[in-house]
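Accompanying notes for the structure given below.
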Amino acid sequence: MNQKVKLSGQFCYDTVGTLRLAAAAAGALVILTSCSMSEEVRRIEQVRQLQQRRNLSNPTDLTGQQIFIRSCNTCHPGGEEGMGPALNHLAKLFPSDEALKKFLRSGSGMMPAQPKEVLNDRELESLVTYLRALNP
Ligand code: HEC
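The opening residue of the sequence shown carries number 18 in our numbering; numbering runs sequentially from there.
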């Protein structure tokens, strides 16, 4: 009889002990998981910043001519009239480079826009220089 009580007491103690251990382990797991989560978030942010920096100093900047051939020549062949108009009134239509850039960034009707993901600022600058020199 005495032994039984002692046993169940022991059992009780063990159970509580095990539960405490389990709780501690679960707690540690939660802490560990959230640690590696924020680590992951930090790493993603680092990669994003790296990509942004790389875009700003894009070493694969295309020249104005390359961009024109890639994105414009189909509709303005050599700057002549094609599906789009001839590009020989640019000085009159867009006296400032800013106006021309704004037009190119947003596109017009059938003419596709050229957002930053397609042309970075430097490429847009090169394209504008190329267009200004183009005399169809
Ligand atoms: C899918 C055909 C197409 C492509 C590609 C295209 N354009 Fe155009 N472009 C047009 C059309 C059509 C117009 C006339 C737009 C309008 O009337 O709204 C136009 C108008 C223009 C104009 C205004 C000239 C004017 O007389 O109205 C400029 C400048 C121009 N395009 C430059 C470019 C450049 C630079 C590119 C390459 C980044 C390009 N376009 C790509 C079809 C195109």
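Note that the Cβ used here is the ideal one computed from N, Cα and C, for glycine as well.
None of these values were measured; they are calculated from a predicted model.
Measuring C-alpha to C-alpha distances from VAL145 to each of PRO102, GLU57, GLY96, ARG59 identifies GLY96 as the nearest. ASN152 and MET54 have their alpha carbons spaced roughly 57 Å apart. Excluding sequence positions up to five before and after PHE85, its CB lies within less than 6 Å of the CB of TYR147, all in the same chain and listed in chain order. Residue environment analysis places GLY126 among the exposed positions, since fewer than 16 neighbouring C-beta atoms fall within 10 angstroms of its C-beta. For PRO129, the closest alpha carbon among the candidates CYS92, SER143, ARG149 is that of CYS92.
With respect to ARG149, ALA103 sits apart: the two C-beta atoms are not nearer than 9 Å. A straight-line Cα-Cα distance of about 23 Å links LEU67 and GLN131. Distance between LYS118 and ARG70, taken at the CA atoms: about 22 Å.
GLY101 has its CB nearer than 8 Å to a heavy atom of ligand 1.
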